[in-house]
Amino acid sequence: MAGPDMTAERDLTCQRAGAGRDAGGAGRLSRREVVCRGLWGATGLLMANRLGLAGPASQPAGAGATRRKGKAKAVIQIWMWGGPAHLDTFDPKPDAGNDYCGPLTKPIATNVDGIMIGELLPLLAKQADKYSIIRSMTHGQNGHETAAYLVQTGRSPGDGMVYPSVGAVVSLFKGHEAGYQGLIPPYIVLTELQGRFSECGFLGSRCKPFATGGDPAQSRFAVEGVVAQGISDQRQRDRRDLLHKLNTLEHVMAGDAQLLASEQCEKQAYDLILGDAGKVFDLSQEKDELRERYGRNTFGQSCLAARRLVERGVPYVTINSKGWDTHKQHFQTMRRRLPEMDKAMATLLQDLSERGLLDTTIVWWSGEFGRTPKVQWEPPWNGGRGHFGAVFSAVVAGGGFKGGQVVGASDGKGEKVATRPVYPCDLIGSLYELLGIDPDGTLPHPEGKTVRITPSAAEGVSMGGRLKEIM
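Using my numbering, the first residue of the sequence shown is number -9, and each one after it goes up by one.
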């Protein structure tokens, strides 16, 4: 079984502990922080500074040249937490034999001539004209932490710096620095942070993702800090009225600037909890038929929630889907999980397209790596697949990416890159270009260091070039 690079893992663990003093242990924002960090227009920034909520990276980015005109306005990142098997999804190898394919030996044709995908993805097969498959992703790392960091930042650990994830960078340039006015924070995670590293990196707390918690498949999606389990909206109103009756400070300190800012923050909080903004998480507003099409499960309803969020103008949404670290009984798990993924992801692409949102929304599907092409039949694995960073697949759609294309190839057994290697920084730089963010621009660093948004070849980072063939 492929083992992790322990040296890199130790480096990342040390970085995670130091970086992320900002991230704290839980990595989840309080209700007060959620609201105030979601208000990073001119008024919100002033309010947060007065309340002492601005992080160390709250100075202007000073990178006006970093913003370009881009076709994409938002990203939905579908993260297969643990690593999906490329051979069973978007890079089938039916001629490799039982030791590689197991029982999944019948890949299916898509609606694009010449493109075949795994047999458990029939609905996505009908949407292949909307997405492109990258079959030659590679970074060579087999440890979860290092691989997740690489795929989500484009950088290797080990230089003493924790770089921000794609979501944090997009949150900065498409959210805070672009005058984002939404009450909903510009970087949302459905529903749980991975805890692999500090997603905001050195950008600080204002670029930290808001993890919703809860389960969108439940009758009421209990979003952390927005919806409280067992407390009705009327009870929330009653609590607010009682608070105001007991509050004498507003009379004693009438006109105090800091108190006025605090009152404004409270008003915004209740607008989020009880007003129209918070309704973006109320999936009961959608037709039952559409909810069924997505699938009445956590992943399906997370995809629906993601569509609602980007429709509202949120620039970055990550769906963290657990359950893909299939060391044991891999094929039994695939028969459960892949149909759920197929139904939800296919519906998301179709729904975005029908609403005219796919042209401006990038959908990015990937995990931190793939799974070992050769099945581990022996005990204790009993038909499992291990970690595999030598070659794996990613899928991109919308926002300027062409559909119906395949980039690169793995060899006949899916063990090596055969043509056109694509490294994480190549894909990330391509995403930034389509979003109008200059990949060669710089990021604001709290110590004034010059840090490129994506690494250069001079830094010794492996790269194969941005994905111009599908942009």
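Idealized CB from N, CA, C, for every residue including glycine.
Just so it is clear, the structure is predicted and the values come from calculations on it, not from any experiment.
CB contact flag (residue i, residue j, <8 Å)
i      : j      : result
Val156 : Phe187 : no
Tyr90  : Leu77  : yes
Ile460 : Gly144 : no
Trp371 : Lys318 : yes
Ser452 : Tyr413 : yes
Thr500 : Ala201 : Residue 500 is absent from the model: the chain starts at -9 and stops at 461.
Gly191 : Ala158 : yes
Gly402 : Ala75  : no
Glu301 : Arg345 : yes
Lys392 : Ser126 : no
Leu347 : Lys120 : no
Phe292 : Asp81  : This sequence places Ser at residue 292; Phe is not what is there. Not a contact, by the Cβ cut-off of 8 Å.
Gly73  : Gly357 : yes
Thr308 : Pro434 : no
Cβ-based neighbour list, residue i, same chain, cut-off 6 Å, excluding 5 preceding and 5 following
i      : result
Ser161 : Pro176, Tyr177, Cys197 and Tyr306
Asp341 : Arg297
Leu463 : In the structure displayed, the chain extends from -9 to 461; residue 463 sits before or after that span and is not available.
Glu405 : Pro363
Leu35  : In this prediction, Leu35 scores a pLDDT of 36, lower than 50, which makes its location untrustworthy; the coordinate-derived value is nonetheless stated afterwards. Excluding positions up to five away in sequence, the list is empty.
Thr95  : Pro84
Trp355 : Ile68 and Val385
Ala448 : none
Residues that DSSP places opposite residue i in a beta bridge
i      : result
Met127 : Phe382 and Val412
Leu433 : Val441
Thr308 : Gln67 and Val179
Thr351 : Ala64
Gly374 : Gln366
Arg196 : Paired residue(s): none; Arg196 is not in a bridge.
Arg281 : Looking at the DSSP assignment, Arg281 forms no beta bridge with any residue, so it has no partner.
Cβ separation of residue i and residue j, assumed to be a contact under 8 Å, to the nearest whole Å
i      : j      : result
Gly332 : Pro93  : The amino acid at residue 332 is misidentified as Gly; the sequence shows Asp. Contact flag wrong, Cβ pair sits at about 17 Å.
Thr316 : Gly374 : 6 Å
Val353 : Ile68  : 7 Å
Leu328 : Gly108 : 7 Å
Phe211 : Leu273 : 6 Å
Thr351 : Ala64  : 5 Å
Trp314 : Met70  : 5 Å
Val381 : Thr128 : 5 Å
Gly394 : Lys61  : No, Gly394 and Lys61 are not in contact; Cβ-Cβ is about 18 Å, not under 8 Å.
Gly547 : Ile66  : Residue 547 lies beyond the residue range present for the chain, which begins at -9 and ends at 461; the question has no answer from this structure.
Contacts around residue i, its chain only, beta-carbon distance under 7 Å, and the 5 residues preceding and following it disregarded
i      : result
Pro46  : Low local confidence applies: a pLDDT of 39 at Pro46 is under 50, so the model's placement there is unreliable, with the coordinate-based value given in what follows. Same-chain partners within the cutoff: Gly194 and Pro436.
Gln142 : Ser155 and Val156
Glu276 : Leu294
Ser420 : Arg456, Leu457 and Met461
Arg286 : Ala207
Gly454 : Arg410, Pro411, Val412, Tyr413 and Asp416
Gln117 : Ala336, Leu339 and Gln340
Residues near residue i in its chain [Cβ-Cβ closer than 8 Å; skip 5 each side]
i      : result
Val213 : Thr202, Gly203, Gly204, Gly268 and Phe271
Thr444 : Gly144, Cys415, Ile418, Gly419, Tyr422, Pro429 and Asp430
Asn310 : Trp69, Trp71, Val179, Leu180, Thr181, Glu182, Leu183 and Gln184
Ile98  : Met106, Ile107, Gly108, Glu109, Leu111, Pro112 and Ala115
Met324 : Ala75, Asp78, Leu94, Leu110 and Thr316
query = Should the stretch 378 to 385 be regarded as contacting the stretch 421 to 430, the criterion being three or more beta carbon pairs within less than 8 Å?
reply = no
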